[in-house]
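**Student:** Residue numbers (our numbering), protein chains in the order written: chain A, 35 to 155; chain B, -10 to 96. Note that the Cβ used here is the ideal one computed from N, Cα and C, for glycine as well.
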């Protein structure tokens, strides 16, 4: 059974760096074809894909935020991470991590429960 | 970026009826079009992949069709538990993009 769970700071101030962790089970990011991505959703609004990281350490970012995003992984602890620099109120959202597989490129076949992040002074 | 336009934005439904939701892409995405269901206060769940491929554990009343730029999600016999927001998403090109969603509400 594939499960993912996000964790984050809850609240942070404008200009700070947001650090998110995705802890998963049921698959490994050291296995060929596995990937983890991040997607966010402001309250009452739609979904925005942010970034992906793959088993071979390939990384892809949404160009709209690329300069502010860094995705990474710790395969030994089954975790993936996302950092967003210089946050502002527009980054207030629920942040989800999801599993991707090379067998179904672009398909987010399992999602975490989400981590709520509020940016406020 | 590929823009996905979903219609209608809101659909009022009666349990038992057959409904169709539309997703139109600004350029061809072949069949790299996926559908997700998001119930209130829950995370999204994959419903249909590659336009028409079913997903294990998803009720058979959900089906998808289409290719290129026009896609449809159908529910054959809506149930109360289907009252959710439905999103389409394209995986043909980066950045992956989502439609704005169609909300199913009770008539």
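Expressed to the nearest angstrom, what Euclidean distance is found between the alpha-carbon atoms of residue 38 (chain A) and residue 131 (chain A)?
**Tutor:** Roughly 7 angstroms separates the two Cα atoms.
**Student:** With DSSP collapsed to three states, give me the class of residue 50 (chain B).
**Tutor:** Of the three classes helix, strand and coil, the one that applies to residue 50 (chain B) here is coil, per DSSP.
**Student:** Quick one: is residue 45 (chain A) near chain B, going by C-beta distance under 8 angstroms?
**Tutor:** With 8 angstroms as the cut-off, residue 45 (chain A) does not count as an interface residue toward chain B.
**Student:** Please list the terminal residues of the continuous beta strand (DSSP E) segment that includes residue 92 (chain A).
**Tutor:** Residue 92 (chain A) -> no beta strand (DSSP E), and no H or E assigned at all.
**Student:** Can you check whether the C-beta of residue 133 (chain B) is within less than 8 angstroms of a C-beta belonging to chain A?
**Tutor:** The structure shown has nothing for residue 133 (chain B), since chain B only spans -10 to 96.
**Student:** Can you tell me whether residue 127 (chain A) is buried or exposed, with buried defined as 16 or more other CB within 10 angstroms of its CB?
**Tutor:** Buried, because 16 or more other Cβ atoms sit within 10 Å of the Cβ of residue 127 (chain A).
**Student:** Residue 145 (chain A) CB to nearest chain B CB: under 8 angstroms?
**Tutor:** It does; some Cβ of chain B falls within 8 angstroms.
**Student:** Would you list the one or two residues that DSSP bridges to residue 130 (chain A)?
**Tutor:** DSSP lists A:73 as partners of residue 130 (chain A).
**Student:** Taking 8 angstroms as the threshold (beta carbon to beta carbon), is residue 96 (chain A) in contact with chain B?
**Tutor:** Yes, its Cβ sits closer than 8 angstroms to a Cβ of chain B.
**Student:** To the nearest angstrom, how far is it from the Cα of residue 1 (chain B) to the Cα of residue -7 (chain B)?
**Tutor:** Approximately 22 angstroms between the Cα atoms of the pair.
**Student:** Output, in chain order, the set of chain A residues within a Cβ distance shorter than 8 angstroms of residue 7 (chain B).
**Tutor:** Ordered by position in chain A, no residue passes the 8 angstroms Cβ test against residue 7 (chain B), which lies about 26 angstroms from the chain.
**Student:** Would you call the region 140 to 155 of chain A and the region 29 to 41 of chain B touching, i.e. three or more CB-CB distances under 8 angstroms?
**Tutor:** The region 140 to 155 of chain A, when compared against the region 29 to 41 of chain B, does touch it at the 8 angstroms Cβ threshold.
**Student:** Output, in sequence order along the chain, the residues in the region 58 to 83 of chain A whose CB is closer than 9 angstroms to any CB in chain B.
**Tutor:** Listed by position along the chain: 71, 73, 75, 79, 80, 81, 82 and 83.
**Student:** Below 7 angstroms between beta carbons is the criterion; list the residues of the region 120 to 141 of chain A that meet it against any residue of chain B, in chain order.
**Tutor:** Of all residues in the region 120 to 141 of chain A, 130, 138, 139, 140 and 141 have a Cβ within less than 7 angstroms of some Cβ in chain B.
**Student:** Express the C-alpha separation of residue 5 (chain B) and residue 99 (chain A) in angstroms, rounding to a whole number.
**Tutor:** Using only the alpha carbons, I get a separation of about 43 angstroms.
**Student:** Is it buried or exposed for residue 84 (chain B), if we count other Cβ within 10 angstroms and need 16 for buried?
**Tutor:** It counts as buried.
**Student:** Hey, is the region 64 to 84 of chain B in contact with the region 16 to 29 of chain B, meaning 3+ C-beta pairs nearer than 8 angstroms?
**Tutor:** Because the criterion of three Cβ pairs below 8 angstroms is met, the region 64 to 84 of chain B and the region 16 to 29 of chain B touch.
**Student:** For residue 3 (chain B), which residues in the same chain have their Cβ closer than 7 angstroms to its Cβ, ignoring the five residues on either side in sequence?
**Tutor:** These residues qualify, in order along the chain: 96.
**Student:** Chain B beta carbons: is any one of them nearer than 8 angstroms to that of residue 148 (chain A)?
**Tutor:** Answer yes: the Cβ-Cβ gap between residue 148 (chain A) and chain B drops below 8 angstroms somewhere.
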